[in-house]
Each structure stands twice: as structure tokens, then as C-alpha cells.
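Novice:
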Amino acid sequence: MDTGTTSVADWWATGICRMEPGVVELRGIPVQELIGSHGFVATIWLMVRGTSPSPREAALLEAAMVASVDHGPQAPSIAIARMTATCGVGLNNAMASGVNALGDSHGGAGQQCVEVLSAIVEREAAGDRLEAAAEAVVTEFRKHSRYLPGFGHRFHPRDPRRDPLLGLVDEAAADGVVAGNHLRAARAVEELLNRGRTKPIPMNIDGATAVIYAELGFPPPLARGLFVLSRSVGILAHAWEETTQGRRNKGPMPTSILPAALPAQV
1438 MDTGTTSVAD WWATGICRME PGVVELRGIP VQELIGSHGF VATIWLMVRG
1488 TSPSPREAAL LEAAMVASVD HGPQAPSIAI ARMTATCGVG LNNAMASGVN
1538 ALGDSHGGAG QQCVEVLSAI VEREAAGDRL EAAAEAVVTE FRKHSRYLPG
1588 FGHRFHPRDP RRDPLLGLVD EAAADGVVAG NHLRAARAVE ELLNRGRTKP
1638 IPMNIDGATA VIYAELGFPP PLARGLFVLS RSVGILAHAW EETTQGRRNK
1688 GPMPTSILPA ALPAQV
């Protein structure tokens, strides 16, 4: 291999995939060995972390990703994908448009919640009582945001996805699959938020999945990435449904409703 070719090869060097004629390896494992033996979620773990999860770890990750697949057409990412699908573009464009709407406010709460919970766990490990650690971290977070990611929901009095997910984490912690520290931190925050309140603020899907991602050792940015992967399934399903309905140029409101006119500027 000449120097120029070596430079290009080194430029694109990666530990994720090796490909040459007749060979495809993912993290050093021939793809033919993964086909039929690794599930999709286990392969996601392998690709982003370089190791394979245990069956219990893979099952916990899969539960989190299943729970986040969809939350209805009122979600901006889904609505955008459905509208884009009617504009004469392909499914890939519709999906990309929906995914691009997943930002800090819509799609980022899981990452933010992992950061909050990890800060609590770190303070407790340094010697703080859990309750004091939770209060300190929550107080600091609320200096720049009135929304605490992972808690409360504008639609659900109690998110129906919360309890099944936390139940699985309880079982995994009892069996030593995960440590349970982030789960304890999340419950400490929930107790803090509900102290003296008559209307509860329970943990939501972002909080429950953040607990799982953190307990499984995923860093905060990957919590967002995993959510994007999960929600992409719902985005695809909605974009495809909209495509099959034959509607053209679907806007955000039915054509019978016109936007209100703003008062004239003085």
C-alpha cells in the first residue's frame, strides 16, 4: 500500500466495522455470526459500545426502546413527518424531517435526566445523603430551567409507561444485573418534587428510560441517540400511513381553518 493510500485508510480508520472483499465484521465479529444470533437491540449495544450485552441487559434496553416508539401525531416530530410525506418526497425525507425536530425540548429530556441523576449519584458517592444530594442537584438545575426533565406530563396524570419500566429495573437491581443507584436517585427526586403537594408530579417516560440507560452505563448523549432510534420507528409508521392515504400538501391545520390575523402593527 503506497503512502497516499495509507494516509486515506488511516484517515477513515475505525474500530466499528471492517469491510473488504468477502468480509464484513462488526466490532471484530463476522456479520454472518451475528445474523440469527444477535437481536437488533443487542446489535445496537454492540455497535455503540463494542461489547455484547447479557440477555437481561438487552431485555432491559429493549423495554426502554419499545416504550419510546410513539406518542401520537400531536408530537412535533411525528406531525412534521406526516406533513412532509404528503409533499412528494420519499420516506427517507419524511423520516429525516421528523428526526431533525428532536431537539432539547422535544427528544432531549432523557439525556438531561441522565445528567441530573448521574450528578446525584456522584454526590452521594462523595458522601452526601441521597436526599440532600437530590435537593442540591435539583435546586441547581432549576436556576436555569423551571422544567425538571423526566418528571411530570402534560397529558398523563401518571405516564402508563412508567411503572412497567421501573418494575423491570427493580427486578434487575434485585438480581444484580444493574446497581440500582440511578433508580434510587430518580425516586429521591420524585419524593422531593411531591413533598407537600396534593397533585403529584410522577416520573414520566423520559425519567424511566433515563434510569434504564444510566443503569446500563450509557453516557447521557447516547440516551438521546437511543431515543431517536426508538422514535424513528413511530416516525416511519406515521409517514407510511400518511403516504398510503394519498393526501397532498398536508398542512398543520385542516383547510377549513384559517390562521388568525395578527392585529395591525402601529
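Residue 1560 in the numbering used here sits at position 123 of the sequence shown, and the numbers go up by one each step. Glycine included, each C-beta is placed from N, C-alpha and C at the ideal position.
1. For His1543, count neighbouring C-beta atoms within 10 Å of its own C-beta (all shown protein chains included) and say buried if the count is 16 or more, exposed if not.
2. Which residues in the same chain as Pro1657 place their Cβ atom closer than 6 Å to its Cβ, once the five residues preceding and following it in sequence are excluded?
3. Buried or exposed: which applies to His1619, given that a residue is buried once 16 or more other Cβ atoms fall within 10 Å of its Cβ?
4. Do you know offhand how far Leu1629's Cα is from Glu1577's?
5. List in chain order: all unbroken alpha helix (DSSP H) runs of 4+ residues lying wholly within the segment 1511 to 1544.
6. Measuring only the C-alpha atoms, how far is Arg1560 from Arg1668?
7. Please report how far the alpha carbon of Pro1691 lies from the alpha carbon of Leu1483, in whole angstroms.
8. Find out if the Cβ-Cβ distance for the pair Ala1531, Ala1518 is shorter than 7 Å.
9. For Leu1605, I'd like the list of residues in its chain whose CB is within less than 7 Å of its CB, leaving aside the five on either flank, ordered along the chain.
10. Could you tell me if Val1445 is buried or exposed, where buried requires 16 or more neighbouring beta carbons within 10 angstroms of its beta carbon?
11. I need the DSSP call for Val1558, collapsed to helix, strand or coil.
12. Is it buried or exposed, His1675, if we count other Cβ atoms within 10 angstroms and call 16 or more buried?
13. Starting from Arg1455, follow the beta strand (DSSP E) in both directions and report where the run begins and ends.
14. How should Leu1695 be labelled, buried or exposed, when 16 other C-beta atoms within 10 angstroms of its C-beta is the threshold for buried?
15. Count the other CB atoms, across all protein chains shown, that sit within 10 Å of the CB of Val1558; report buried if there are 16 or more and exposed otherwise.
16. So, with DSSP's three-state summary, where would you put Phe1578?
17. Based on the DSSP secondary-structure assignment, which residues constitute the bridge partners of Leu1463?
18. Is DSSP giving Met1640 helix, strand or coil here?
19. If you check the beta carbons only, do Ala1623 and Gly1644 fall under 7 Å apart?
20. In this structure, does DSSP put Phe1655 in helix, strand or coil?
21. Starting from the Cα of Gly1452, find the closest Cα among Thr1681, Ile1466 and Thr1440 and give me that residue.
22. Which residue marks the beginning of the alpha helix (DSSP H) containing His1508, and which one marks its end?
23. Less than 8 Å between the CB atoms is what I'm expecting for Leu1666 and Ile1481, so what's the real figure, rounded?
24. Can you check whether the CB of Ser1514 is closer than 7 Å to the CB of Ala1546?
25. For the alpha helix (DSSP H) holding His1619, just list the boundary residues, first then last.
Specialist: Looking at the atomic coordinates:
1. exposed
2. Excluding positions up to five away in sequence, the list reads Gln1548, Val1551 and Glu1552.
3. buried
4. 14 Å
5. 1513 to 1522 and 1528 to 1536
6. 32 Å
7. 45 Å
8. yes
9. Leu1497 and Ala1500
10. exposed
11. The answer is helix: DSSP assigns Val1558 an H, G or I state.
12. buried
13. Cys1454 to Glu1457
14. exposed
15. buried
16. helix
17. Cys1454 and Ile1466
18. Correct three-state label for Met1640: strand.
19. Annotated as proximal: Ala1623 and Gly1644, with beta-carbon spacing under 7 Å.
20. coil
21. Considering only alpha carbons, the answer is Ile1466.
22. Looking at the DSSP string, His1508 is not in any alpha helix (DSSP H), and its letter there is neither H nor E.
23. 7 Å
24. no
25. Asn1618 to Leu1630
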